[in-house]
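Numbering (the UniProt record's numbering), first residue to last: 1 to 123.
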């Protein structure tokens with residue numbers, strides 16, 4: 001939950017359009033530095049000012065689609081956003097190799113708890 005001065009400060013920083021976008025999708029206002037985007041169109045941000053954000057809440061993702069699925073995060077970005085690594089995939093030489101041979105070129109959503117979920121054959 002955000003305090004009123006923090007909310008007004010972030011409104012001034014991000015602008016009215018991004019303010020309402022964040023309130024609809026995140027439920028909070030955040031202002032930070034744009035770090036990069038992945039091939040699905042998700043945008044990643046970070047706020048390194050320690051006094052403004054709670055610990056381990058300084059990195060966030062702005063999903064491209066309204067009906068987002070956390071499985072839409074690429075492995076390198078998932079490691080960065082969950083604080084497993086300090087460098088983002090845009091700055092890491094190993095992660096800049098591009099599409100790997102075993103990766104699918106498009107995203108397939110996680111179908112768990114839906115009609116399309118995998119069900120084993122039962123006799």
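For every residue, glycine included, the Cβ atom is placed at its ideal position computed from N, Cα and C. Nothing here was measured: the structure is a model prediction, and the numbers come from that model.
- Looking at the backbone, the Cα of residue 92 and that of residue 76 are separated by about 9 angstroms.
- Linking residue 81 to residue 120 through their CA atoms gives a straight-line distance of about 33 angstroms.
- Between residue 64 and the set 42, 105, 31, the nearest pair of CA atoms involves 42.
- Residue 32 and residue 123 have their C-alpha atoms roughly 55 angstroms apart.
- Just so you know, the alpha carbons of residue 58 and residue 102 end up roughly 32 angstroms apart.
- Ranked by Cα distance from residue 112, the first of 71, 105, 53 is 71.
- Residue 73 places its beta carbon 8 angstroms or farther from that of residue 85.
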